[in-house]
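Under the numbering used here, the residue at position 154 of the sequence shown is numbered 484, and the numbers go up by one with no gaps.
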Amino acid sequence: MTTEGTLDEGEVHDVLRNERRRLTLEELRDNGDSLSVRELSEQVAALETGESPPPRNIRQSVYVSLHQTHLPKLDDLGIVEYDADAKRVTLTDRVREVEAYMRLTTGGESGSEPEPELGPGWTRYYLGLSVVGLCAMAAVALGVPVLGAIGAPAVGSVLFVALFVLAVGQSRSGREHGSDREDADRPEH
Numbered sequence: 331m332t333t334e335g336t337l338d339e340g341e342v343h344d345v346l347r348n349e350r351r352r353l354t355l356e357e358l359r360d361n362g363d364s365l366s367v368r369e370l371s372e373q374v375a376a377l378e379t380g381e382s383p384p385p386r387n388i389r390q391s392v393y394v395s396l397h398q399t400h401l402p403k404l405d406d407l408g409i410v411e412y413d414a415d416a417k418r419v420t421l422t423d424r425v426r427e428v429e430a431y432m433r434l435t436t437g438g439e440s441g442s443e444p445e446p447e448l449g450p451g452w453t454r455y456y457l458g459l460s461v462v463g464l465c466a467m468a469a470v471a472l473g474v475p476v477l478g479a480i481g482a483p484a485v486g487s488v489l490f491v492a493l494f495v496l497a498v499g500q501s502r503s504g505r506e507h508g509s510d511r512e513d514a515d516r517p518e519h
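Structure (structure tokens):
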């Protein structure tokens with residue numbers, strides 16, 4: 331088990347890029363920092379499938395991957411203490427290093443204390459721009475006086491520029507918060 335110094339950024343990203351490891355840490359934090367592997371695998375499987383209880387084959391798959399891959403990795407990094415004989419997992423204080431990154435990537439959902447959202451709700455901005463664009467183009471098509479006089483190409487150009495500005499803003503915001511999510515959506519089961 332590695333407990334000297336702090337985790338480097340690459341190790342933290344390696345832990346967090348896998349959904350099952352993220353769910354494992356969240357479930358441990360939400361359930362008193364310690365669970366049996368059976369309880370943990372049941373809860374992670376339920377979150378992954380959205381079913382409670384989750385199907386038996388999924389529970390088994392989660393149990394095996396936690397036991398053979400994810401828990402030993404987290405134990406080696408000193409984030410959890412994994413007693414393979416007792417089949418018990420306990421968070422260590424080192425989880426705080428990982429939770430700081432989890433708050434950045436999940437908007438503060440990790441841990442028992444509420445955290446302020448660190449980034450804007452980009453989905454809402456894109457949705458808002460889409461609604462405005464749809465209404466503007468409908469107004470042009472219906473000949474609403476101001477927008478009808480401007481014409482569809484001009485309205486479309488303004489919307490395209492707004493979309494571009496929004497995308498640049500999101501990109502710059504992501505760099506300021508240090509989020510590099512290129513591999514975040516690729517599961518490692």
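We treat Cβ as the ideally placed atom computed from N, Cα and C, and that holds for glycine.
For clarity, every value in this text was computed on a predicted model and none was experimentally measured.
Legend entry - R418: first and last residue of the uninterrupted beta strand (DSSP E) it sits in: Within the sequence shown, residue 418 is the residue found at index 88, counting from 1. Start and end: 418-421.
Legend entry - Buried/exposed call for D405, threshold 16 Cβ in 10 Å: By 1-based counting over the sequence shown, the position of residue 405 is 75. The C-beta of D405 has 16 or more other C-beta atoms within 10 Å across all chains shown, which makes the residue buried.
Legend entry - Helix, strand or coil at D406 according to DSSP, with G and I counted as helix: Residue 406 sits at position 76 when you count from the first residue of the sequence shown. Looking at D406 - three-state DSSP - the assignment turns out to be helix.
Inset, instruction - Flag this pair as yes or no: are the beta carbons of V374 and V345 separated by less than 8 Å? - result: Sequence index remark: in the sequence shown, residue 374 carries index 44 (1-based). Sequence index remark: in the sequence shown, residue 345 carries index 15 (1-based). Not in contact: V374 and V345 (Cβ atoms no closer than 8 Å).
Inset, instruction - Below 7 Å CB to CB, which residues in the same chain sit around S371 once its five sequence neighbours on both sides are set aside? - result: Taking the sequence shown and counting its residues from 1, the one referred to as residue 371 is at position 41. Counting only Cβ-Cβ distances below 7 Å, and skipping sequence neighbours, we find R389, V392, Y393, L396.
Legend entry - Buried versus exposed, by CB contacts within 10 Å (16 or more), T354: Here residue 354 is taken as the residue at index 24 of the sequence shown, counted from 1. With 16 or more Cβ atoms within 10 Å of its Cβ, T354 is classed as buried.
Legend entry - Residue from I409, V462, T379 whose Cα sits closest to the Cα of R426: Working through the sequence shown from its first residue, we reach residue 426 at position 96. Per the Cα distances, I409.
Inset, instruction - Measuring alpha carbon to alpha carbon, tell me which of A416, A376, V367, M432 ends up nearest H400. - result: As a first step, residue 400 is located in the sequence shown; it is residue number 70 there, counting from the start. That would be V367, whose Cα lies nearest to the Cα of H400.
Legend entry - G499 versus G458 - alpha carbon distance: Here the question's residue 499 lines up with position 169 in the sequence shown. Here the question's residue 458 lines up with position 128 in the sequence shown. Answer to the nearest angstrom: the Cα atoms are 15 Å apart.
Inset, instruction - Check whether the Cβ atoms of G451 and L489 sit closer than 8 Å, and answer yes or no. - result: In the sequence shown, the residue the question calls residue 451 occupies position 121. In the sequence shown, the residue the question calls residue 489 occupies position 159. Not a contact, by the Cβ cut-off of 8 Å.
Legend entry - Reference E378; option with closest CA among L477, E356, D363: Mapped onto the sequence shown, residue 378 falls at position 48. It is E356 whose Cα lies nearest to the Cα of E378.
Inset, instruction - Flag this pair as yes or no: are the beta carbons of A497 and V485 separated by less than 8 Å? - result: What you label residue 497 is simply residue 167 of the sequence shown in a count that begins at 1. What you label residue 485 is simply residue 155 of the sequence shown in a count that begins at 1. Against a cut-off of 8 Å, the Cβ pair of V485 and A497 comes out as no contact.
Legend entry - From R424, G473, R386, E369, residue whose alpha carbon lies closest to that of R418: The residue labelled residue 418 in the question sits at position 88 within the sequence shown. Out of R424, G473, R386, E369, E369 has the C-alpha closest to the C-alpha of R418.
Inset, instruction - May I ask you to report which of helix, strand or coil DSSP gives E381? - result: By one-based count along the sequence shown, residue 381 stands at place 51. If DSSP states are grouped into helix, strand and coil, E381 belongs with coil.
Inset, instruction - Using a threshold of 8 Å, state whether the C-beta atoms of A376 and P385 are closer than that. - result: Counting from one through the sequence shown, the residue named residue 376 turns up at place 46. Counting from one through the sequence shown, the residue named residue 385 turns up at place 55. A376 places its beta carbon 8 Å or farther from that of P385.
Legend entry - Rounded C-alpha distance that separates D415 from F494: Mapped onto the sequence shown, residue 415 falls at position 85. Mapped onto the sequence shown, residue 494 falls at position 164. A direct Cα-to-Cα measurement between D415 and F494 gives close to 55 Å.
Legend entry - Residues bridged to Y456 (per DSSP): In the sequence shown, counting from the first residue as 1, residue 456 sits at position 126. DSSP output for Y456 lists no bridge partner at all.
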